[in-house]
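Okay, so here's the structure we're looking at.
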Amino acid sequence: MKAGQTIGKLLLAFVLVSVGFAVGREVERRKRVTGATTQPAATAKPQQAGGAADASDKVTVYYMHTTFRCLTCNRIEALAESVVKSDFADALAGGRIEWKTLDFQEHDDLAKRYGVGTSTVVVVKTRGGRDVAFRRLDEVWAKVNDPAAFSAYVGGAVREMLAGGGA
Amino acid sequence: MSFAAATLAAVALGLQTAISPCPLATNIAAVSFIARGVGNSRRVLLSGLLYAAGRTAAYMALALAILWLLREQLGEGTGLSRALGYYGPMALGPAMIVLGMLLLGLLGGGASLSLGGDRLQRRAAAGGLWWALVLGVVFAMSFCPVSAGLFFFALLPLSAAHGSLLALPLLYGAATGAPVIGFAFLMAFAAQYLGKAFHRLAQVERVVRIAAGVVFLFVGVWYSLKYIYGVPLPV
Chain Z
2 MKAGQTIGKL LLAFVLVSVG FAVGREVERR KRVTGATTQP AATAKPQQAG
52 GAADASDKVT VYYMHTTFRC LTCNRIEALA ESVVKSDFAD ALAGGRIEWK
102 TLDFQEHDDL AKRYGVGTST VVVVKTRGGR DVAFRRLDEV WAKVNDPAAF
152 SAYVGGAVRE MLAGGGA
Chain V
32 MSFAAATLAA VALGLQTAIS PCPLATNIAA VSFIARGVGN SRRVLLSGLL
82 YAAGRTAAYM ALALAILWLL REQLGEGTGL SRALGYYGPM ALGPAMIVLG
132 MLLLGLLGGG ASLSLGGDRL QRRAAAGGLW WALVLGVVFA MSFCPVSAGL
182 FFFALLPLSA AHGSLLALPL LYGAATGAPV IGFAFLMAFA AQYLGKAFHR
232 LAQVERVVRI AAGVVFLFVG VWYSLKYIYG VPLPV
């Protein structure tokens with residue numbers, strides 16, 4: 002039947018174009034990622050220029066996500082962000098804590114450094130712009146449906162880092 | 032956590048993986064694929080069990096590979112998670128479109144959409160039960176962020192903590208397949224009941240088979256748009 006053949010050809014064309022597009026995009030991404038790793042990583046950059054301020058500790062809470070988001074991932078991001086912004090408002094205002102989101106598939110160096118395999122939360126402590134400790138909060142996945150446990154888990158990890166954990 | 036509690040946790044993680052919105056599209060495809068054997072209860076049952084077995088085998092193999100072979104360098108597991116989570120969904124879209132075309136008989140010379148045609152019937156019948164096993168393996172391996180998070184970062188640490196390389200991944204895998212089997216049975220038997228009640232079993236069978244193919248096409252296009260073209264679709 003003609004309609005069937007036409008639909009079949011259209012679908013096949015879509016598949017071929019999609020595969021071509023995916024390969025092309027991957028080549029571009031690899032170029033970008035390779036280029037990015039030659040630059041100093043985001044956390045390796047000094048947060049403040051010069052002097053005594055440079056030696057101060059800073060905690061960065063990252064939500065590292067895949068390029069394409071998902072509903073559960075968005076929920077993890079929203080919960081973690083609300084913990085940081087509500088439980089640590091003073092530290093956030095004072096610059097001792099920072100909240101950042103980034104696409105780890107575009108930052109291969111950071112993904113490898115922190116062992117990130119899927120969307121997750123990572124708490125990193127820096128001193129003078131250099132990492133001194135980090136903790137990947139893998140259990141966000143197991144706790145995402147229990148907001149109280151999630152808040153206690155993320156809040157506890159941030160508090161520990163702020164109090165000098167790992168340094 | 033006691034081992035009994037860990038087994039419950041593994042089952043809970045598996046169920047959570049199955050019903051999370053992110054792997055839902057592939058689960059719907061799996062349900063339609065298994066249920067397409069409507070009219071033949073034994074076939075639906077075997078197909079469902081093979082699908083679950085495929086998923087379970089894939090998770091057990093991965094768990095073994097990561098926890099046993101790479102036990103000296105657990106960080107490697109995250110590299111595997113990154114790779115599977117990145118390339119899996121990307122490859123899945125086109126693969127599912129091709130599979131949908133096969134189910135509908137749209138691939139190959141002189142393919143036709145003649146709905147009751149012998150070609151489709153033959154293909155569906157010859158589509159072999161083993162495809163359900165393959166589908167289970169492929170769907171399990173194509174990690175979306177939720178399944179990667181729950182498997183690599185919740186189940187594997189649990190397995191490692193209890194030194195359970197096989198039992199916990201097995202329970203997890205079986206639990207990811209169980210809801211799919213349940214829904215497939217419901218769908219197949221409801222369709223069978225309707226078909227028998229109205230003496231239209233042959234037509235119902237045909238509609239379910241075609242629906243399975245259409246679901247595969249739809250999910251394939253959805254995955255391609257989201258994971259290849261970056262269209263911000265939900266789920």
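Each protein sequence line maps, in turn, to chains Z and V. The first sequence runs contiguously to residue 168 in the numbering used here. The second sequence runs contiguously to residue 266 in the numbering used here. Quick reminder that beta carbons are idealized off the backbone N, C-alpha and C, glycines included.
State yes or no: is the beta carbon of residue i nearer than 8 angstroms to at least one beta carbon in chain Z?
i, result
"residue 188 of chain V", "yes"
"residue 195 of chain V", "no"
"residue 224 of chain V", "no"
"residue 109 of chain V", "yes"
"residue 128 of chain V", "yes"
"residue 205 of chain V", "no"
"residue 86 of chain V", "no"
"residue 113 of chain V", "yes"
"residue 117 of chain V", "yes"
"residue 72 of chain V", "no"
"residue 183 of chain V", "yes"
"residue 200 of chain V", "no"
"residue 177 of chain V", "yes"
"residue 123 of chain V", "no"
"residue 301 of chain V", "There is no way to answer for residue 301 of chain V, as the model of chain V reaches only from 32 to 266."
"residue 90 of chain V", "no"
"residue 33 of chain V", "no"
"residue 180 of chain V", "yes"
Report the three-state DSSP secondary structure of residue i (helix, strand or coil).
i, result
"residue 169 of chain V", "helix"
"residue 131 of chain Z", "strand"
"residue 260 of chain V", "coil"
"residue 68 of chain Z", "coil"
"residue 69 of chain V", "coil"
"residue 25 of chain Z", "helix"
Within 8 angstroms (strictly less), CB to CB, does residue i reach chain V?
i, result
"residue 133 of chain Z", "no"
"residue 102 of chain Z", "no"
"residue 19 of chain Z", "yes"
"residue 152 of chain Z", "no"
"residue 72 of chain Z", "yes"
"residue 42 of chain Z", "Confidence in residue 42 of chain Z is poor, its pLDDT being 45 and thus under 50, which makes the residue's placement unreliable; the coordinate value appears in the next sentence. Chain V contact via Cβ: absent."
"residue 80 of chain Z", "no"
"residue 49 of chain Z", "Unreliable placement is indicated for residue 49 of chain Z, whose pLDDT of 41 sits below 50; the coordinate value is still reported in the next sentence. No, residue 49 of chain Z lies away from the interface with chain V (no Cβ there is under 8 angstroms from its Cβ)."
"residue 124 of chain Z", "no"
"residue 89 of chain Z", "no"
Taking all protein chains shown into account, do 16 or more other C-beta atoms lie within 10 angstroms of the C-beta of residue i, making it buried, or fewer, making it exposed?
i, result
"residue 142 of chain Z", "buried"
"residue 223 of chain V", "buried"
"residue 9 of chain Z", "buried"
"residue 164 of chain Z", "exposed"
"residue 78 of chain V", "buried"
"residue 167 of chain V", "buried"
"residue 79 of chain Z", "exposed"
"residue 66 of chain Z", "buried"
"residue 234 of chain V", "exposed"
"residue 213 of chain V", "exposed"
"residue 226 of chain V", "buried"
"residue 215 of chain V", "buried"
"residue 236 of chain V", "buried"
"residue 190 of chain V", "buried"
"residue 155 of chain Z", "buried"
"residue 29 of chain Z", "exposed"
"residue 85 of chain Z", "buried"
"residue 217 of chain V", "exposed"
"residue 94 of chain Z", "exposed"
Assuming residue i contacts residue j (C-beta within less than 8 angstroms), just tell me the rounded distance between them.
i, j, result
"residue 72 of chain V", "residue 242 of chain V", "That pair is no contact at about 18 angstroms."
"residue 59 of chain V", "residue 210 of chain V", "Their Cβ separation, rounded to whole angstroms, is 11 angstroms, which puts residue 59 of chain V and residue 210 of chain V out of contact at 8 angstroms."
"residue 183 of chain V", "residue 118 of chain Z", "5 angstroms"
"residue 254 of chain V", "residue 120 of chain V", "6 angstroms"
"residue 122 of chain Z", "residue 77 of chain Z", "7 angstroms"
"residue 107 of chain Z", "residue 61 of chain Z", "The Cβ separation is near 17 angstroms, so there is no contact."
"residue 81 of chain V", "residue 163 of chain V", "4 angstroms"
"residue 151 of chain Z", "residue 145 of chain Z", "6 angstroms"
"residue 196 of chain V", "residue 98 of chain V", "5 angstroms"
"residue 75 of chain V", "residue 85 of chain V", "With 8 angstroms as the limit, residue 75 of chain V and residue 85 of chain V do not qualify as a contact, their Cβ atoms being about 16 angstroms apart."
"residue 203 of chain V", "residue 45 of chain V", "4 angstroms"
*asked:* Quick check on the DSSP output: what are the complete beta strand (DSSP E) runs of length 3 or more inside the region 73-147 of chain Z, in order along the chain?
replied: Within the region 73-147 of chain Z, complete beta strand (DSSP E) segments of at least 3 residues are found at 98-104, 121-128, 131-137, given in chain order.
_Runs of 4 residues minimum, wholly inside the region 168-219 of chain V: which ones carry the alpha helix (DSSP H) assignment?_
With a minimum length of 4 residues, the continuous alpha helix (DSSP H) runs that stay inside the region 168-219 of chain V are 176-181, 187-192.
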